[in-house]
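Student: Under my numbering, think of the first position of the sequence shown as 713, with each following residue one higher. The structure's right below; bear with me while I get my questions together.
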Amino acid sequence: MRNYRIYWIKEEVAHFFHGRERLFFSLFQDYEIAKHEALRDILASQINYISIPLPYLPTYRFIHQQLHGSEEFSMKQQSYEILFPEYNSGARLVIFERYFLINAWGYYDAEATFFEKLKKFEGKLLAINLEQEEFGWVKPIKQRKFV
């Protein structure tokens, strides 16, 4: 199973750290493995500083509008699922206060569907898979070129 946490990063922080996304990954990884409560609190404060809470109703409305009408889509309690039973694969999207969580299994089609829909979400979204050390922007940041 693949697990992705997707955080909404503040605009100015996203632009400042563009190209240095490994620093974000290190911060989230350090938070997950921190054993001391004091260190964990400091890292949580840093994560809260760089990320934006997901607005509850607009976020649910956005996800529902993006996925409604798809045959593979279903909603169960607080999560959204895309299932491809013929391939024994699928993905589940859960919305938390500060991040989206995608759990995916089987082929990559289901999670790719969620990522494609999240590209339309307003804001800079950073996806992190701690287990497989994968990270990157859901929608790449465009750099301004000055002449």
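Even for Gly, the Cβ is constructed at its ideal location relative to N, Cα and C.
Measuring CA to CA, which of R752, L735, A803 and F736 is closest to Y743?
Tutor: Y743 has its Cα closest to that of R752, out of R752, L735, A803 and F736.
Student: Tell me whether K836 is buried or exposed, calling it buried when 16 or more other Cβ atoms sit within 10 Å of its Cβ.
Tutor: It is buried - the Cβ of K836 has at least 16 other Cβ atoms within 10 Å.
Student: Using only the alpha-carbon positions, how far apart do E775 and K829 sit?
Tutor: The residue you asked about is not Glu; residue 775 is Ile in the sequence shown. Each residue's alpha carbon lies about 8 Å from the other.
Student: Have a look at the DSSP bridge pairing and note the partners of Y716.
Tutor: According to DSSP, Y716 bridges with I814.
Student: Would you kindly check if the distance between the Cβ of E823 and the Cβ of R714 is under 8 Å?
Tutor: Closer than 8 Å, so yes.
Student: Hey, would you say S738 sits closer than 8 Å to R810, going by beta carbons?
Tutor: Contact: no.
Student: Using 8 Å as the threshold, is the C-beta distance between I814 and F833 below it?
Tutor: Result no, Cβ atoms of I814 and F833 do not sit closer than 8 Å.
Student: From F796 to A750, what does the alpha carbon distance come to, in whole angstroms?
Tutor: C-alpha separation (whole angstroms): 44 Å.
Student: What number of angstroms, rounded off, separates the C-alpha of Y772 from the C-alpha of Y719?
Tutor: Each residue's alpha carbon lies about 15 Å from the other.
Student: State the CB to CB distance for the pair S801 and Y819, rounded to an integer number of angstroms; the pair is presumed to be in contact (CB under 8 Å).
Tutor: Contact holds; Cβ gap of about 4 Å.
Student: Quick check: the Cα distance between S786 and H780, rounded to an integer number of angstroms?
Tutor: Cα to Cα, S786 sits roughly 9 Å from H780.
Student: Just reading off the alpha helix (DSSP H) that L860 is part of, what are its end residues?
Tutor: Given a span of 713 to 859 for the chain in the structure shown, any question on residue 860 remains unanswerable.
Student: With DSSP as the reference, label Y792 as helix, strand or coil.
Tutor: Strand at Y792.
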